[in-house]
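Residue numbers (our numbering): 88 to 189.
Okay, structure first, notes after.
Here it is in structure tokens:
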């Protein structure tokens, strides 16, 4: 089952509906867990409607794109560094062989 995030208004609507129609009927209707419902109720009772707001924020698509580009650049740099180190090691080995006369 896909996880869904309800807005503060939708949560409040479910809480008010539960007062009228009953908790069990409301939970079944909206397909939420009992524990989740009571967590919402506690948040609403202590902090009001603002406490019901989701703390999950979506990243801006441009930020996601920049993060992906940054990761690709880091990977490219790491590959270049590795290639450079391998070349340096081969160069050291070849100069040692020339000095020995092999």
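Beta carbons are placed, not taken as given, at the ideal position from N, Cα and C, and that holds for glycine.
Option nearest residue i by Cα separation, candidates the options
| i | options | result |
| --- | --- | --- |
| residue 98 | 158, 169, 117 | 117 |
| residue 141 | 150, 152, 110, 123 | 123 |
Cβ neighbours of residue i in the same chain (closer than 8 angstroms, five flanking residues each side left out)
| i | result |
| --- | --- |
| residue 127 | 98, 101, 102, 139 |
Residue interval of the alpha helix (DSSP H) (run including residue i)
| i | result |
| --- | --- |
| residue 136 | Here residue 136 belongs to no alpha helix (DSSP H), and DSSP marks it neither H nor E. |
| residue 170 | 148-187 |
| residue 117 | 110-117 |
Short Cβ contact (8 angstroms threshold) for residue i with residue j
| i | j | result |
| --- | --- | --- |
| residue 95 | residue 136 | yes |
Proximal residues to residue i (C-beta, below 7 angstroms), its chain only, five neighbours per side dropped
| i | result |
| --- | --- |
| residue 120 | none |
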